[in-house]
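Chains as they are written, first to last, in our numbering: chain A, 7 to 185; chain B, 7 to 185.
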């Protein structure tokens, strides 16, 4: 089976995924009254599982809407021991470094993975474990916050696959790792 | 006369304008053998003058190619007192904060300005003095270096104007400040 690790995330023009106080409201600063598809639905169809860190999971725990994922979710944490009962059939906890957790996830039959959350993405990139970046840029400069990308020991080249503009405002570019 | 301050710059996927050791070679990692126009030429026609900081000017002093600007260049520096003889007819030195230097430049009949260099762009953005961003993203993660954007006291919203892909790889987006 083809293994693939995909990042799909929105960032500000200056590269933040959350504001200085963790704000996410700016993500919805471009109105989408007709629910134009911006890639999340097709991504859910394409992947076998979602992989996220504890911060992203913590955000989901406080989220009041419907559970957004149609596929199994793996939460990476070395501190968390259990998940709340209501998530027990949706979420598996895994500890260890990225190669270890990938080995476990692949062994469970999940090969195409949606890698989510800033720190998780950064730790996968540092080990050159990301195959595709699908990045949506929101037309705002936040001026501070939680950065999407972090320091890397070595530069990583990507190939541009495609760019689409949604709602006249959101620029989504797909990149494939050039190895 | 309409006053306009335009940023036109290339950045890496992770938002750097120079690498960890000041490298700029990655800017040329996408070959352009036929010299496809990616916006610099039309920008030169459109503007009245170039405004840059000392770091960008220092880079130009060491640059061996032809002088790239067809318009007057204003170099902002509070330390520099003179420019080398060979640049005397091309470059004016100005000191002071952004509103002060803009007043001087406008008084010399230059209204449409190309604002260049990371720190200069950052200081103009902090004072909300940038009207247009034209940003070209190179498909590489540098993992560190000189960032294009810096901290801001307040978030700044922009409107997306257009996005073009050059050479199948360079994603250039134009944004207009939404005031």
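A virtual CB, placed ideally from N, CA and C, is assigned to each residue, including glycine.
query: Residue 92 of chain B vs residue 137 of chain B beta-carbon contact at 8 Å; result: no
query: Residue span of the alpha helix (DSSP H) that contains residue 65 of chain B, given as start and end; result: 60-67
query: Cβ of residue 146 of chain B within 8 Å of any chain D Cβ; result: The chain inventory of the structure shown lacks chain D, comprising the protein chains A and B.
query: Test item: CB-CB of residue 20 of chain B and residue 149 of chain B under 8 Å; result: yes
query: Cutoff 8 Å: residue 205 of chain A Cβ touching any chain B Cβ; result: The structure shown has nothing for residue 205 of chain A, since chain A only spans 7 to 185.
query: Counted within 10 angstroms of its Cβ, other Cβ atoms place residue 145 of chain B as buried (16 or more) or exposed; result: buried
query: DSSP-derived helix/strand/coil call for residue 164 of chain B; result: strand
query: Start-to-end residues for the beta strand (DSSP E) that takes in residue 111 of chain A; result: Counting along the chain, residue 111 of chain A falls outside any beta strand (DSSP E), though it belongs to the alpha helix (DSSP H) covering 104-113.
query: Residue 49 of chain A in three-state terms, based on DSSP; result: helix
query: Residues of the segment 10-21 of chain B with Cβ closer than 7 Å to any Cβ of chain A, in chain order; result: 19, 20 and 21
query: Contacts around residue 75 of chain B, its chain only, beta-carbon distance under 6 Å, and the 5 residues preceding and following it disregarded; result: 56
query: Which residues DSSP lists as bridging residue 178 of chain B, in chain order; result: B:142 and B:170
query: Cutoff 8 Å: residue 171 of chain B Cβ touching any chain A Cβ; result: yes
query: Residue 87 of chain A versus residue 99 of chain A: straight-line alpha-carbon distance, rounded; result: 8 Å
query: C-beta neighbour in chain B for residue 80 of chain A, strict 8 Å; result: no
query: Sheet register partners of residue 97 of chain B (DSSP bridge); result: B:79
query: Below-8 Å beta-carbon distance, residue 112 of chain B vs any chain A residue; result: no
query: Range of the contiguous alpha helix (DSSP H) that encloses residue 131 of chain B; result: 124-132
query: Within-8 Å CB hit, residue 30 of chain A to chain B; result: no
query: Nearest-angstrom Cβ-Cβ length linking residue 140 of chain B and residue 45 of chain B, presumed shorter than 8 Å; result: 6 Å
query: Distance between beta carbons of residue 7 of chain B and residue 117 of chain B, contact taken as under 8 Å; result: 4 Å
query: 7 Å Cβ shell around residue 52 of chain B - same chain, five flanking residues per side excluded; result: 118
query: Alpha-carbon spacing of residue 177 of chain A relative to residue 96 of chain B, whole angstroms; result: 37 Å
query: Per DSSP, the bridge partner or partners of residue 18 of chain A; result: A:144
query: CB contact below 8 Å: residue 131 of chain A versus chain B; result: yes
query: C-beta neighbour in chain A for residue 161 of chain B, strict 8 Å; result: yes
query: Beta-carbon gap between residue 90 of chain A and residue 67 of chain A smaller than 8 Å; result: yes
query: Straight-line gap, residue 128 of chain B to residue 111 of chain A (C-alpha atoms, nearest Å); result: 43 Å
query: Proximity winner among B:10, B:79 and B:142, relative to residue 34 of chain B (alpha-carbon distances); result: B:142
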